[in-house]
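FYI, the numbering for the sequence shown is -22 to -1, 1 to 250, going by mature numbering (1 follows the signal peptide of the UniProt record, and there is no 0). Each residue gets a CB set at the ideal place from its N, CA and C atoms; glycine is no exception. Only a predicted model underlies this, so the values are computations on that prediction, with no experimental measurement involved.
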Amino acid sequence: MKNPAFAVALSAVLSTSFIATAQADKLDDIIGSGKLRCAVTLDFPPMGFRDAGNNPAGFDVDYCRDLAKILGVEAEVVETPFPDRIPALVSGRADVIVASTSDTLERAKTVGLTVPYFAFQMVVLTRDDTGINSFDDLKGKPVGNTSGTYEAIALEKDVKNWGTGTFRAYQSQNDTLLAVAQGHIDATVVTNTVAAATLKSGKYKNLKVAGNAPYVIDYVSLGAKRNEYGLLNYLNLFVNQQVRTGRYKELFVKWVGTEIPPTNLTVPQVYY
């Protein structure tokens, strides 16, 4: 290039443009748009469901609304089945995942996950007439679970290791519960919160809880695109604020009740 001054000017313009692009952040986009789109699963009470008026409700719905309120934007709940949570985020249909998503290392290869905002203990849910009274009684039985969930992956793996019994996957939590109630399968493994809500509803009068499942506590995280560091940092701080202001406990009591204590979100000897 024959004009050094022009070259310097062009370089400065390009550098400024590059920096502006590099600094663009999803958090700014959300605030600028005036809307926060949350991928929420609405067949997973009490975390997410539709109320008597067919409106989204539950812990995850309120969590999304709390986040939107802090950001000063409107909350939009994007109804998303469990298997579609990550695709909804990656495709741009949702800005964040607020759908009880287990913080697995495999998922973290695709999306960014925050510190846990909720945690579940797994229990066995079965019918009164199956003779199942503990997790060990599941061996050799027809069992099933909701496709894509942490507990489905764990239960299917156990059935394969046992070498006896069968496993069936279902598209939704409601399908899984109905399969147990109608005798298509004898049992499933669900979170303590789902079990409590299911029995409380009175919809399935022949179901019971048959003890805990020997799975690790299921810590679940909010999700955002893996490269959105600004948004992920904000979400981590938001989770922290929800706990230390008492809002986490308030939502837990509202949607789960007082019979089941909130599971501690810290991991002993790891982080506090």
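Asked	Found
When A191, G36, E129 are compared against D21, the one with the closest alpha-carbon	G36
In DSSP terms, what S150 is bridged to	Paired residue(s): none; S150 is not in a bridge.
DSSP beta-bridge partners of N190	V101
Beta-carbon proximity of P34 to V55, cut-off 9 Å	yes
Between the CA atoms of A173 and K186 - distance to the nearest angstrom	8 Å
Pick from G208, D107, Y95 that is closest to T244, judged by C-alpha positions	Y95
Strand pairing of L185, partner residues [DSSP]	R105
Reduced DSSP category for T176 - H, G, I as helix; E, B as strand; rest coil	helix
Where the beta strand (DSSP E) containing V248 begins and where it ends	Segment: none, V248 is in no beta strand (DSSP E) and carries neither H nor E.
Proximity to residue 253 [Cα-Cα], best of A77, Y212, T166	This structure cannot speak to residue 253, because the chain is shown only from -22 to 250.
With 16 other Cβ atoms within 10 Å as the buried cut-off, status of P65	exposed
Residues near Q220 by beta carbon distance below 6 Å, same chain, minus five either side	Y226
6 Å CB neighbourhood of N190 in its chain, flanking five on each side removed	V101
Inter-residue Cα distance where the pair is L103 and G10	45 Å
Cβ shell of G143 (< 8 Å), same chain only, five flanking positions each side left out	L116, K117, G118, K119, P120, V121, V137
Exposed unless 16 or more other CB atoms sit within 10 angstroms - verdict on A86	exposed
Straight-line gap, G208 to I48 (C-alpha atoms, nearest Å)	16 Å
Of the listed residues E228, Y212, K232, nearest to L45 (C-alpha basis)	Y212
Those residues which DSSP pairs with P120 across a bridge	T144
Per-residue DSSP class, three states only, for S80	strand
Counted within 10 angstroms of its Cβ, other Cβ atoms place W140 as buried (16 or more) or exposed	exposed
Endpoints, beta strand (DSSP E) assigned at E52	52 to 57
C-beta atoms of V234 and T171 nearer than 9 Å	yes
Cβ-based burial, N184 [other Cβ within 10 Å; buried from 16]	exposed
Buried versus exposed call for V248 [16 or more other C-beta atoms within 10 Å across all chains shown]	exposed
Beta-carbon proximity of I8 to D73, cut-off 9 Å	yes
Coil, strand or helix - L91 by DSSP	strand
Closest Cα partner of D196 within the set S179, R71, I131, V18	I131
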